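> Dropping a structure here in structure tokens format, bear with me for questions.
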Amino acid sequence: MNLIVEIDGYFENVLITGKTCSISELKKKYKIVKTRCTDISKFADIFCRMYQFERLPSSHEIDVRPDVVIDTDTDRIYAPRH
């Protein structure tokens, strides 16, 4: 089963999917990508490239709820309540 992650940021809201991992693992991945990302608007692309995640169509186009949200404005990573 794949993990669906919403990357919520000032520049964009993106849904991505990839291999399931824990929130603590996701936090480690986030920190690594953040150190390598000089332009936060490219965060989702870099994250996907480094960890073999894929972009999904926007939540307006498909009816999918994320398992985890990464808020790049506040550096918060959490499981949303649906």
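Letter 45 of the sequence shown, counting from 1, is numbered 45 in the numbering used here, and no numbers are missing.
All C-beta atoms, glycine included, are put in the ideal place defined by N, C-alpha and C.
From a predicted model like this one, the values you see are computed outputs, not experimental measurements.
1) Which value, in whole angstroms, describes the spacing of the CA atoms of Val5 and Lys19?
2) To the nearest angstrom, how far is the alpha carbon of Thr74 from that of Leu3?
3) Counting pairs of Cβ atoms below 8 angstroms between the segment 20-28 and the segment 52-62, do you hit three or more?
4) Can you say whether Ala44 is buried or exposed, counting buried as having 16 or more other CB atoms within 10 angstroms of its CB?
5) Give me the Cβ distance between Ile77 and Tyr10, rounded to the nearest whole Å; I'm assuming they're in contact under 8 angstroms.
By the coordinates alone:
1) Taken atom to atom, the span from the alpha-carbon of Val5 to that of Lys19 is near 11 angstroms.
2) Straight-line Cα distance between these residues: approximately 21 angstroms.
3) By the Cβ rule, the segment 20-28 does not count as touching the segment 52-62, because fewer than three pairs are nearer than 8 angstroms.
4) Ala44 should be labelled buried.
5) Contact doesn't hold; Cβ gap of about 16 angstroms is too wide.
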